[in-house]
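Reviewing the structure listed below.
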Amino acid sequence: MAALEEEFTLSTVPLGAGPNGLLGVEQSDKTDQFLVTHGGRTVILYKVSDQKPLGSWSVKQGQIITCPAVCNFQTGEFIVVHDNKVLRIWNTENVNLDKVFKATLSAEIYRIHSIQGTEPLVLFKEGAVRGLEALLAEPQQKIETVVSDDEVIKWTKVFMVFRHPVLIFITEKHGNHFAYIQTFSSRTLSKYTLFHGQEEKSVIQNFTASVDRKFISLMSLSSDGCVYETLIPIHPRDPDENQRVVRSLLLKTVVAGNAPSGVALTVLDQDHVAVLGPPLPASKECLSIWNTKFQTLQTSRELPQGTSGQLWYFGENLFMLHGKFLTVIPYKCEVSSLAGALGKLKHSQDPGTHTVPHFVNWETSRGYGFGSQNSEQSKRILRRRKIEVNVPPPAFEQLLSTIKKDSEKDIEVELCKFLAVKRTPDFHAIVGDIVLELLGRHTTEPSFYPRNSLMQLIQTHVLSYSLCPGLMEAALEKTDVQMLQLCLQQFPDIPESITCACLKIFLSISDDSLQETEINMESVSDCSDPVQEKMDEQTEILQNGFNADEQNCDSCDRKLNQKPQDAAEETTSCPVVPKRAALLNAILHSAYSEMFLLPHLKDIPAQHVTIMDWICLLLDANFTVVVMIPEAKRLLLSLYKFVKSQICICSELNKIEVSFRELQKLNQEKNNRELYSIEVLELF
Amino acid sequence: MRLCSVFCHSSFPEYFSSGMGEFKVHRVRFFNYVPSGIRCVAYNNQSNRLAVSRTDGTVEIYNLSANYFQEKFFPGHESRATEALCWAKGQRLFSGGLNGEIIEYDLQALNIKYAMDAFGGPIWSMAVSPCGSQLLVGCEDGSVKLFQITPDKIQFERNFDRQKSRILSLSWHPSGTHIAAGSIDYISVFDVKSGSAVHKMLVDRQYMGVSKRKCIIWGVAFLSDGTVISVDSAGKVQFWDSATGTLVKNHLIANADVQSIAVSDQEDSFVVGTAEGTVFHFQLVSVTSNSSEKQWVRTKPFQHHTHDVRAVAHSPTALISGGTDTHLVIRPLMEKVEVKNYDAALRKITFPHRRLISCSKKRHLLLFQFAHHLELWRLGSTVATGKNGDTLPLSKDADHLLHLKTKGPENIICSCISPCGSWIAYSTTSRFFLYRLNYEHDNISLQRVSKMPAFLRSALQILFSEDSTKLFVASNQGSLHIIRLLEGSFKHLHTFQPQSGTVESMCLLAVSPDGNWLAASGTSAGVHVYNIKHLKLHCTVPAYNFPVTALAIAPSTNNLVIAHSDQQVFEYSIPDKQYTEWSRTIQKQGFHYLWLQRDTPITHISFHPKRPMHILLHDAYMFCIIDKSLPLPNDKTLLYNPLPPTNESDVIRRRTAHAFKISKIYKPLLFMDLLDERTLVAVERPLDDIIAQLPPPIKKKKFGT
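Top to bottom, those sequences are chains S and E.
Residue numbering for the first sequence is 24 to 707, as defined by the numbering used here.
Residue numbering for the second sequence is 859 to 1563, as defined by the numbering used here.
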């Protein structure tokens, strides 16, 4: 559930009103530290949690900052542009901006983008994009013109897609909007015309965008107060042709139409957007959080002193002007997953930090019949205690340094050594760290994929999804179904979106490549062997449904009878090969909540629909829908019978328990009569 | 009956020359003994000892270093229900109870040093300051009283601000500046200097949405970082910030009361016990691998009890719990145990490590000792014979002859019946009783011997000589008295005074069948052997690291057999003043590992009148005859074979035979002795019979909703 927390003011100095007051807020390379660029001459580095500035830099009188300062995540330096063409690069040790590195370029800069994982990208007002390094090597290089005359850049953003940056910018010319997508992996620039659809008259006031694997979802807030969504493919089929994309209504009237002052929109996550503006024509300005999936207002906060139509979202904080002060409102949205509902939450990770989210020691709660009540995680952590830091064993240090530089073989050897050592109470956290370290190297060095080591670590049974976020993503990327299967079996807290991504891969992987992979067939062992043999001979003939849990009674009967299947039972036959069945079983056995899984299931492509019909039946993803399907009638009936019999069993068991207790009492009375006896004993 | 026994005897040929032979066993299960429930446990880290108090006021001291042996006990008292127990500096033990008295125990002389009224009504809680020199008691009237512990007494210092209801739990902050006191519905934090309440933390009465009448704070623990942990009757474990008086964290762990809490010295783990019999372990675990931030996480539940866990303790390596079901459970923490040896096993102590039963061999009588009465039973008889395992038809059933109730509120410390069956003696803390029994056909008459001398009171152990003419009494001052018994009267013969400088009490006595030697043992020093004829100390068996659990002197050879709590058995020749050859051999070779791993001590040793090579001994779970003539078993040998040998030639049988002949048929075995050459008596106390006499436990549904 999305929630806004108590707001606080960041700057004590009042800012000039309007867009001139504040140029931008950008992340720095340290968690919790943000660069705030004031319109005019000043850049201030704030530590948000402490609400205090760590440093402040100004340009000389007469100069004017023209685009927000950013942090180069690769070097930790800050970059700012003044007077449109002059770059200044400095770090926290510098005091005077006048004395730091300076580069004057040949064209005017619109914006510098800097995000984790790539060098800063410079977008020029004419639409050209350059990497910072190339630009600094030759500052006076000629910058080409991309956009036409009178075409003005209105908005821009950069994303990382498959470890490569993708830059989008929106231009306007005579009331028409164009989107340009610059990809750096293939060095292509594609142009799209944003087609307004029916709402021709409205003026677009603000943009935001998020990225999926193949699409950029561009959202725009129009003057009619509605939010529209436009899907722009990242990799166009024909990059040279000017293509049109149509926008569709996403949210209706989130702000009052034709709002007098600025409105703003920003994407928070895949289901939530934050909107700044007056909800009704006469009302005061508000910050509202909307759920786009359910079209509902989640929460809102009134800003009685007005705002400026500027909104930034980083980490867990929303930044905006409230009156004349820069205000921060922390925003939290717990991931909608069964794991989340149970309190095993994956906390959003700030880049560059090395935190392990709240954990559950699954090992200790297993094997005792007491459930997992020890997952009672309070969001409030006990007061910080000055206890000495838990020093990880030296084998751990050794292993970490091995992971940083040595070969996969060496890592495996080192890992074996490490795992042989006695387990400490924080073993799960250490294993999580090792996985993160391995993944970290995998991200920087894509050829490095220490599969064996990862598999070994997963099999320690102490990992959870929250302990090593990114592991399943990496496996998804590599289509490593074996590892995915293992993760599904081991992790108790996989978000439904990942479960669904696994399902997609399991359904789309070809039978040939499945044959080559090693998959744990335990879950289909009861039918795999004979089926496997038959499959090899003639793949047309299919045998029993593999899910013994689901069709318990039926399959038992069938096994007893050993009769070939007749046509009437076709619906329950298994349309997939056993290996795929084993993978699908892993999904079915994982912890998911159908309510949250259902939206993701919609994304499953149509070619798998036949399988989906069948799997839907098993998933029971949407009970009300299933109830309506005539095919489900039998299943429901048997389910009903099963539950009823289970209740009967429970009540009978209780009766038996009572009877046993009575018997025990009688037995004791009988024993009482045998209080004394004389017996013969022979010792050998 | 004697006749029949002789008849059976003569009907068996003596072919069991190498074997142990066949016995008729009187299997007795009518000893209706129910241990008292455990009320408090207190662990002392310095001495590694555990004090346990029971609902009848008995206090027991267990030595955790000596195989959990119950080395001392203080008898209970009807009006002295102990509610709190704690150790102070210098290993001094204090208790407080419902009669409002603070009691200090003398661990050397095994008596009560003094009792002092705290003048606050019943005492519910007690805590010794971290430095060990101040004692705090919480009373019925809502007062918290501070006492100064002086070298020989305690002295009242002052009252803290009085609260409106009884103080059920107390805990000191490790710095000694503040205390937390649990009452009804709230917890108070006091400043020790001013004695005033700094904070009052109200506890939610709600229990699963239902408002209970009261919420009783059964336990509190004050940690050095200022956190107060409380356990209460609503099933909650709560963490409070004592600086602000606010609730930090709440764990609902039970549907019933959480009654006890104990924190480890390192404050990295604690244990709580619930009324459902469950014990939960909480540990402070780091949230991330390389940060100092840690969180309390409930890690392990243990269900070793059926009833309320009234008391818990936390030793560096184990969780200790006890409650209404009378068991003392010691659960080692596996991660703290370096070597996975037998010390890492769970211990469940149910029965006292001393004898409650004595036997008159001549008249086939058994004397049972209870807290406030004695029972005398005569065993039945049979004329039938049978083979191994047969139950023989009774020609005469066992008879309950006598029910002897004590006068006064004190528990019986020890009792004994003479071998001839004509004398019964017992002692409480303040009085010694001697009775003469007369048997006329089926009638039995009892006559108390009056005017017992004052020095006899408070005996720790009583023993009659084999011919029933002498009575030996070990008093709690370390002295041993010898009394000559005459028909209906007595004469004080001699008193052996304790060795100069020691006040250690003698707990175990043994006399030689010829009446010449008396062996006596305390809890730590060696065994002293006295010459009764010359009335002087004959020798002292060298002290051994582990306490003596049983001793006996063999007929004819006068070898003293001593069993220790580490399961070692020594044989010491009294005439030669040295260990026997057999004892040296077995020490050289070592006992079988399974023998050493037994977890109950040997409580009785006896001998066969016709087979000098045999030693009979038993613990709670086995009975063993050691045949010294046979080779000793080594660790590869099968120590205990429950199945009779079948189809094995005599040669194989003889080759595989070893000295230890063990039977595990009778258990839990409280007493076993030889009545005559072919008759044994075994007194069992099945656990089910004890459970049947306890109040029903909280019922938990096992199936369904």
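The beta-carbon is built from N, C-alpha and C at its ideal position, and this holds for glycine as well.
Values in this document were obtained by computation on a predicted structure and should not be read as measured data.
Can you tell me where the beta strand (DSSP E) holding residue i begins and where it ends?
| i | result |
| --- | --- |
| residue 252 of chain S | 250 to 256 |
| residue 1040 of chain E | 1036 to 1040 |
| residue 352 of chain S | 348 to 356 |
| residue 821 of chain E | The structure shown has nothing for residue 821 of chain E, since chain E only spans 859 to 1563. |
| residue 124 of chain S | 124 to 127 |
| residue 1099 of chain E | 1094 to 1099 |
| residue 1120 of chain E | 1116 to 1121 |
| residue 508 of chain S | Segment 504 to 513 is the alpha helix (DSSP H) holding residue 508 of chain S; no beta strand (DSSP E) there. |
| residue 491 of chain S | Run containing residue 491 of chain S: none; DSSP gives neither H nor E here. |
| residue 266 of chain S | 266 to 274 |
What's the call for residue i, buried or exposed, on a 16-neighbour Cβ count within 10 Å?
| i | result |
| --- | --- |
| residue 1039 of chain E | buried |
| residue 166 of chain S | buried |
| residue 1247 of chain E | exposed |
| residue 1524 of chain E | buried |
| residue 1531 of chain E | buried |
| residue 1192 of chain E | exposed |
| residue 456 of chain S | buried |
| residue 392 of chain S | Confidence at residue 392 of chain S is low in this model, with a pLDDT of 34, below 50, so the placement of that residue should be treated as unreliable; the coordinate-derived value is given next. Looking at its Cβ environment, which holds fewer than 16 other Cβ atoms inside 10 Å, residue 392 of chain S is exposed. |
| residue 236 of chain S | exposed |
| residue 101 of chain S | buried |
| residue 230 of chain S | buried |
| residue 1273 of chain E | buried |
| residue 890 of chain E | exposed |
| residue 508 of chain S | buried |
| residue 1426 of chain E | buried |
| residue 1403 of chain E | exposed |
Where do the N-terminal and C-terminal ends of the alpha helix (DSSP H) with residue i fall, by residue?
| i | result |
| --- | --- |
| residue 1132 of chain E | Counting along the chain, residue 1132 of chain E falls outside any alpha helix (DSSP H), though it belongs to the beta strand (DSSP E) covering 1127 to 1132. |
| residue 608 of chain S | 601 to 612 |
| residue 159 of chain S | 155 to 160 |
| residue 478 of chain S | 474 to 481 |
| residue 441 of chain S | 431 to 443 |
| residue 1546 of chain E | 1545 to 1551 |
| residue 1264 of chain E | No alpha helix (DSSP H) holds residue 1264 of chain E; DSSP gives it neither H nor E. |
key: Members of the stretch 1084 to 1099 of chain E that neighbour chain S once the beta carbon cut-off is set at 8 Å   = 1084, 1085, 1097, 1099
message = Taking contact to mean 3 or more Cβ pairs, one atom from each stretch, closer than 8 Å, check whether the stretch 955 to 973 of chain E and the stretch 923 to 934 of chain E are in contact.
response = yes
ask   = With a cut-off of 8 Å, do at least 3 Cβ pairs link the stretch 972 to 989 of chain E to the stretch 939 to 956 of chain E?
value = yes
In chain order, each beta strand (DSSP E) run of at least 3 residues that lies wholly inside the stretch 984 to 1051 of chain E = 992 to 997, 1002 to 1007, 1012 to 1017, 1027 to 1030, 1036 to 1040, 1044 to 1049
Interface residues of the stretch 446 to 460 of chain S facing chain E [CB-CB below 8 Å] = 448, 449, 452, 453, 455, 456
request  = Could you tell me which uninterrupted beta strand (DSSP E) segments, each at least 3 residues in length, are contained entirely in the stretch 904 to 955 of chain E, listed from first to last along the chain?
outcome  = 907 to 912, 917 to 921, 927 to 932, 940 to 946, 950 to 955
request  = Note down, in chain order, all residues in the stretch 61 to 86 of chain S with a beta-carbon under 9 Å from any beta-carbon belonging to chain E.
outcome  = none
query = Does the count of Cβ pairs from the stretch 1359 to 1375 of chain E and the stretch 1318 to 1335 of chain E closer than 8 Å reach three?
reply = yes
ask   = Three or more beta-carbon pairs under 8 Å between the stretch 136 to 146 of chain S and the stretch 177 to 196 of chain S, yes or no?
value = yes
message = Output needed in chain order: residues of the stretch 1243 to 1267 of chain E with a Cβ under 9 Å from some Cβ in chain S.
response = 1243, 1244, 1245, 1246, 1247, 1248, 1249, 1250, 1251, 1252, 1255, 1256
ask   = For the stretch 1416 to 1427 of chain E against the stretch 1460 to 1475 of chain E, are there 3 or more C-beta pairs whose distance is under 8 Å?
value = yes
query = Where in the stretch 1455 to 1504 of chain E do unbroken runs of the beta strand (DSSP E), each at least 3 residues long, occur, reported from the N-terminal end onward?
reply = 1462 to 1465, 1472 to 1476, 1481 to 1485
ask   = Are the stretch 152 to 163 of chain S and the stretch 114 to 122 of chain S in contact at 8 Å, needing three or more beta carbon pairs?
value = no
query = According to a CB-to-CB cut-off of less than 9 Å, which residues of the stretch 684 to 704 of chain S neighbour chain E?
reply = 687, 688, 690, 691, 694, 695, 697, 698, 699, 700, 701, 702, 703, 704
task = Using a Cβ-Cβ cut-off of less than 7 Å, give me the residues of the stretch 1152 to 1186 of chain E that come near chain S, in sequence order.
result = 1152, 1153, 1154, 1155, 1156, 1157, 1158, 1159
message = My parser needs the alpha helix (DSSP H) runs of 4 or more residues fully inside the stretch 1520 to 1547 of chain E; what are they?
response = none
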